[in-house]
Amino acid sequence: MSELKSGSNLEKVLKAGHFAFTGECGPPQGANVEHLKEKAHHLKGCVDAVNITDNQTAVVRMSSWAASIILMQEGLEPNFQMVCRDRNRLAIQSDILGIYAHGIRNMLCLSGDHQRFGNHPQAKNVFDIDSMQLIHTVKTMRDEGKFMNGEDIDVPPKLFIGAASNPFADPFEFRVHRLAKKIAAGADFIQTQCIYNMDRFREFMKNAVDMGLHEKCYILAGVTPMKSVGMARYMAKQVPGMDVPDSLIERLRGAGKGNVAQEGIKFALEQIEEFKEMEGIAGVHLMAIEWEHMVPEIAEKAGVLPRPQV
Amino acid sequence: MRLSYPSNVKIIQVPCTGRVDILHLLRAIEDGADGVYVAGCLEGECHFIDGNLKARKRVQYVKKTLEEVGIEPERVEMFNLSAGEGPRFAEIAREMSERIKELGPSPLNVKKAA
Amino acid sequence: MIVADRKPLQEILEMIKDFNKILIIGCKGCVTVCNVGGSKEVGILASSLKIARKKEGRPLEIDEKTLERQCDPEYVDQIKDIVNDYDAIISMACGVGPQFLSERYPDSRFFPAVNTTFFGGALQHGIWEERCAGCGTCVIHYFEGMCPIARCAKSLLNGPCGGSAGGKCEISKDVDCIWDLIVKKKMEQGRLDDLLEFRPAKDWTTSRDGGPRKSVREELVQ
Ligand code: SF4
Ligand code: SF4
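Line order of the protein sequences matches chains A, B and C.
All residue numbers for the first sequence refer to the numbering used here, where the first residue is 1 and numbers rise by one.
All residue numbers for the second sequence refer to the numbering used here, where the first residue is 311 and numbers rise by one.
All residue numbers for the third sequence refer to the numbering used here, where the first residue is 425 and numbers rise by one.
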């Protein structure tokens, strides 16, 4: 086994060939540490790492690095997310050093949602660099021990580098190329956008496998169980780059009052079963948004427990 | 053809309402008119294709301007009628006169105590 | 050209509320082309302000003038004999105009009547759209002549974000995703490979981030 890049639990699980299972947690809109700990508590033991979102949807929350540290104190491994919207390259690099110094080992690199629909639309955005350049920056810092300006880093941060991929955004033909580009830039693992259109995802993965991308990088399929018909409709209509087929909305509606959430979970479990067998898929990223307490049940039913100790 | 329309309406002829400018309308108000309206051809029947549509947009602009400074936008209006409709022309003149009478004199003509 | 929008009347009225004799100066440059600050718009603003003030019972005296350009000392000079006749002067040029005027006539009060918005062009009469953000190092040749710095909401240089849907940007269905257009044109032209190449972080020193800019061309300086 060649040397580990970061030594994170997630990296070890993936490297050992286990089917990875990651979760997600949004920091509180305040300094409510207890609430964050409670969410974390539900995820403990069920997932290999927990994504900590960074002012997701451009809504101000506790900073992702601070919430990541709290999660570590609770005995979970964070996957620290960073968006390019709110920081320039100075802040980006110093935060990377800071999180590494505190023991964080996974980092997901994102461009970030535009602030227009967040809760501070009056903000000035940064976008000094884009997500691709962020991936490249983290890799250069780790592997070459250099800052963006070429200067040496005194103890480089060794991070397991993640990136996102949205197979459902347009132009569809370009999406797999963009994935390839992120891998070439330095992504060690990929977490996809929530998948609902399985036909389209199968096609995307077939292209990715044909290009050999799964051999260069671990691809985790994004799953978000639908809680209600309203949520499905909202995602279909209001979230740009989200593909929710009418057939799924019909299926949820058909489940009848009181059973929609269970049907949503059932669909998610069917997806996870398929992902376990799908060529090129190394795990699942479960984004149970404000539904953290359901994660143990979903993990149990998905047959991914107990999580491997590596 | 002699048609009776209110004598308080002062008519200014233009070859096409497309020639009526925002400034013409504003100046009329500025110089003390209580109201001003444009009588153009029916929509789709402009000899110059869209002169009357342009006029309508300019009337809208002036309405908005008046509203911004707290003057009733109804003092400015656009009407469309076909070229041969003498009676309709007189009717519009009466209609507009009535409207303006109800609104009263332009606030620009009301003497303010200093 | 530089594109601008007229400020709301109320805002302009508020600026000049203490004054009774005003000069409004238009500009025959960009703001004439984008129909916001040429002689015609000067006339409309003058009339609108006069109506508003007459209604308040505090009539306003306004003179109108439109200069060749307001971003050139040569033309700014042309009002030197009349500038002192007014309580205040409203400029309808882009943000450059009132600044050049203020610098030349430090004792007069100048007010901007337009909001300067972007560098762009006319899609059709009455509709203008942004094209350039003045970054100081043009790179549009890499992107089939389209500028992702000005026209992508996130200034991305390495391809469309995950919010691109149906050719539209995630910020609004009224905004084209420029990356969708770039990718499509690259595909049409058989140059998609260009986009697979990693584009490194941009050097922003030539843009506004590097501080206020100045262009000196020695061969012209006298
Ligand atoms: S690359 Fe820079 S200079 Fe060129 S169009 Fe875009 S913003 Fe303007
Ligand atoms: S949707 Fe397109 S234009 Fe909008 S931010 Fe994303 S890549 Fe840029």
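Where a beta carbon is used, it is the ideal one built from N, C-alpha and C, also for glycine.
This structure is a prediction, so every number in the text was calculated from the model and none was measured.
- Within the model, the alpha-carbon separation for aspartate 633/C versus threonine 561/C is close to 13 Å.
- Distances from the CB of tryptophan 603/C to the heavy atoms of ligand 2 include at least one below 8 Å.
- Taking a Cβ-Cβ threshold of 9 Å, the residues of chain C close to isoleucine 339/B are Ser471, Ile475, in chain order.
- Excluding five sequence positions before and after arginine 528/C, the CB atoms of its chain that fall closer than 6 Å to its own CB belong to Val500, given in chain order.
- Annotated three-state conformation of glutamine 122/A is coil, per DSSP.
- Here the segment 548-557 of chain C makes no contact with the segment 77-95 of chain A; the two share fewer than three CB pairs at distances below 8 Å.
- Within chain C, Cys585, Gly586, Gly587, Ser588 have C-beta atoms less than 9 Å from the C-beta of asparagine 166/A, given in sequence order.
- Beyond the five residues adjoining it in sequence on each side, valine 507/C comes within less than 6 Å, by CB distance, of Tyr529, Ser532 in the same chain, given in chain order.
- When rounded, the separation of the alpha-carbon atoms in lysine 608/C and arginine 233/A is 29 Å.
- Within chain C, the residues placing a beta-carbon under 8 Å from that of leucine 336/B are Ile468, Ser471, Ser472, Ile475, ordered along the chain.
- Between the alpha carbons of glutamate 387/B and valine 348/B lies a gap of roughly 6 Å.
- In the three-state DSSP reduction, arginine 632/C falls in the helix class (H, G or I).
- Residues of chain B whose Cβ lies closer than 9 Å to the Cβ of glutamine 434/C are, in chain order, Glu378, Val379.
- Rounded to whole angstroms, the Cβ separation of methionine 132/A and alanine 185/A is 5 Å, and the two are in contact under 8 Å.
- Every residue with a CB closer than 6 Å to a heavy atom of ligand 1 is listed here in chain order: Cys556/C, Ala557/C, Gly558/C, Cys559/C, Cys562/C, Val563/C, Ile564/C, Cys571/C, Ile573/C, Ala574/C.
- Interface with chain A (9 Å Cβ-Cβ cutoff): glycine 591/C is included.
- When DSSP states are grouped into helix, strand and coil, phenylalanine 189/A belongs to the strand group.
- Taking 9 Å as the cut-off, the Cβ atoms of alanine 428/C and glycine 461/C count as close.
- Note on valine 295/A: 16 or more other CB atoms within 10 angstroms of its CB, so buried under the neighbour-count rule.
- When C-beta atoms of the segment 48-67 of chain A are compared with those of the segment 90-110 of chain A, three or more pairs fall below 8 Å, so the two segments count as touching.
- The continuous beta strand (DSSP E) containing phenylalanine 160/A extends over residues 160-165.
- Residue burial is scored here from C-beta neighbours: isoleucine 321/B has fewer than 16 other C-beta atoms within 10 angstroms and is therefore classed as exposed.
- In this structure, glycine 345/B lies away from threonine 327/B, with their beta-carbon atoms at least 9 Å apart.
- Contacts with chain C (Cβ-Cβ distance below 8 Å) from the segment 265-289 of chain A involve no residue at all.
- Among the residues of the segment 401-418 of chain B, those with a Cβ less than 9 Å away from any Cβ of chain C are Ser416, Pro417, Leu418, in the order of the chain.
- At a Cβ-Cβ threshold of 9 Å, arginine 200/A and phenylalanine 174/A do not count as neighbours.
- Counting of Cβ neighbours within 10 angstroms places glutamate 355/B among the exposed residues, the total staying below 16.
- Not one beta carbon of chain A lies nearer than 9 Å to the beta carbon of cysteine 571/C.
- Legend: CB atoms of the segment 143-161 of chain A lying less than 7 Å from CB atoms of chain C belong to residues Met148.
- The segment 26-84 of chain A contains, as complete alpha helix (DSSP H) runs of 4+ residues, the segments 33-43, 64-73 (chain order).
- Taking all protein chains in view, the Cβ of glutamate 412/B is surrounded by fewer than 16 other Cβ atoms within 10 Å, so the residue is classified as exposed.
- For the segment 210-266 of chain A, the full-length beta strand (DSSP E) segments reaching 3 residues or more read 218-223 along the chain.
- Tyrosine 347/B is bridged by DSSP to Glu387/B.
- Residues of the segment 365-399 of chain B with a C-beta less than 8 Å from any C-beta of chain C: Thr375, Leu376, Glu378, Val379, Gly380, Ile381, listed in chain order.
- Here the C-alpha atom of proline 27/A lies approximately 24 Å from the C-alpha atom of alanine 187/A.
- For glutamate 498/C, there is no enclosing beta strand (DSSP E); the residue is part of the alpha helix (DSSP H) that begins and ends at 497-500.
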